[in-house]
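Visitor:
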Amino acid sequence: METIRQASGSIESFLGVGSSTALVLTWLVILLSVYITVQIFQVASGGTLRTRRSRGNVTLMLGQCGAGKTATFFRLRDGEEVQTVSSLQLSRDKFPIKAGENADQNLPSVEVVDFPGHLRMRGKASDMLPEARCIIYLVDSEDKPKLKDVAEHFYELLTHPDMLELHTPILIACNKSDLGSARSEKFIVEEIEREIEQMRVSRGATLEGQDQADSYLGIDGEKFKLMEHSPCPIQTCKISAKKNEMQPLYDFLMEQYA
19 METIRQASGS IESFLGVGSS TALVLTWLVI LLSVYITVQI FQVASGGTLR
69 TRRSRGNVTL MLGQCGAGKT ATFFRLRDGE EVQTVSSLQL SRDKFPIKAG
119 ENADQNLPSV EVVDFPGHLR MRGKASDMLP EARCIIYLVD SEDKPKLKDV
169 AEHFYELLTH PDMLELHTPI LIACNKSDLG SARSEKFIVE EIEREIEQMR
219 VSRGATLEGQ DQADSYLGID GEKFKLMEHS PCPIQTCKIS AKKNEMQPLY
269 DFLMEQYA
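Number 208 in our numbering belongs to position 190 of the sequence shown; there are no gaps in the numbering.
(1) Inspect the beta-carbon positions of Gly4 and Lys87 and report whether they are closer than 9 Å.
(2) Evaluate the contact criterion for the segment 160-168 versus the segment 194-203: three or more CB pairs, one atom per stretch, below 8 Å.
(3) Nearest CA to the CA of Leu189: which residue from Cys250, Met146 and Glu211?
(4) So is His185 buried or exposed if we call it buried at 16+ other beta carbons inside 10 Å?
(5) Less than 9 Å separating the beta-carbons of Arg93 and Ala200?
(6) Alpha carbon to alpha carbon, what distance is there between Met245 and Leu67?
(7) Given 8 Å as the limit, tell me if Arg95 has its C-beta closer than that to any heavy atom belonging to the ligand MN.
(8) If contact is defined by three or more beta carbon pairs under 8 Å, each pair taking one atom from either stretch, is the segment 71-84 in contact with the segment 146-154?
(9) Give me the Cβ distance between Leu176 and Ser248, rounded to the nearest whole Å; I'm assuming they're in contact under 8 Å.
(10) Can you tell me the Cα-Cα spacing of Glu183 and Asp145, whole angstroms?
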């Protein structure tokens with residue numbers, strides 16, 4: 019308080035104003051200085067002083083047409099295999115999930131969204147990201163040509179502002195692993211990394227001289243590694259919705275909703 023009184027006295031003498039006015043001006047200067055300091059610190063720290071948003075509570079299922087999203091959705095919900103066809107309509111339901119065949123307890127009711135894999139729907143999928151507690155990304159282990167599209171979708175996801183802020187966990191579920199021609203998790207991850215690396219090079223050149231913070235993946239000068247350079251945690255697993263080999267998926271959901 020002594021320092022404030024001294025500063026107030028200096029202002030009173032310098033401006034020739036009354037003591038009350040000088041005191042008010044002193045406090046205004048102090049508050050303005052504190053505000054400027056906070057703003058400078060916030061900018062320097064990348065805006066970390068903002069209140070962190072919370073993720074939603076939905077399990078969002080993404081992937082290309084034919085990857086088995088809908089079959090997995092109904093396997094989770096009903097425990098049965100269903101014959102499905104590609105659709106432009108999303109499936110959304112809330113239901114308890116059995117946490118494995120030998121588990122004593124089920125997960126409490128979980129809301130699951132099976133989002134269509136058609137390219138024309140992809141832009142709308144990003145609208146669901148704030149609602150997601152986690153993402154299950156279905157990949158067809160047999161379909162190597164579609165891995166390029168998988169990589170393109172991952173580039174879009176991993177540079178999306180909601181993903182950058184919320185760090186939404188992703189499980190890459192390599193479906194149809196029971197088939198003899200199915201690729202391994204390692205092969206699929208390496209193909210995604212290779213395709214994303216090519217996109218990084220081309221998009222990095224396009225964005226040269228611009229702010230790349232929200233549109234460039236990885237570390238400049240290093241080859242892209244999906245697990246190491248993703249802004250959100252990523253796990254991989256092998257499943258078969260057809261054969262009801264789903265335990266890694268149950269484990270992931272237990273981890274997210276425990």
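Positions of the beta carbon are idealized from the N, C-alpha and C atoms, including for glycine. Just so it is clear, the structure is predicted and the values come from calculations on it, not from any experiment.
Guide: Taking the structure as given:
(1) Any property of residue 4 remains undetermined from this structure, which presents the chain solely from 19 to 276.
(2) The segment 160-168 vs the segment 194-203: in contact.
(3) Looking at Cys250, Met146 and Glu211, the one whose alpha-carbon comes closest to that of Leu189 is Cys250.
(4) With fewer than 16 Cβ atoms within 10 Å of its Cβ, His185 is classed as exposed.
(5) With contacts defined by Cβ atoms closer than 9 Å, Arg93 and Ala200 do not form a contacting pair.
(6) Caution is warranted here: a pLDDT of 43 is assigned to Leu67, below 50, making its placement in the model unreliable, and the coordinate value is therefore given only provisionally. Leu67 and Met245 have their C-alpha atoms spaced approximately 27 Å apart.
(7) The ligand MN is absent from the structure shown, which contains no ligand whatsoever.
(8) With a cut-off of 8 Å, the segment 71-84 and the segment 146-154 count as touching, because enough Cβ pairs lie within range.
(9) Here Leu176 really is in contact with Ser248; their C-beta atoms are around 6 Å apart, less than 8 Å.
(10) Computed Cα separation, rounded: 15 Å.
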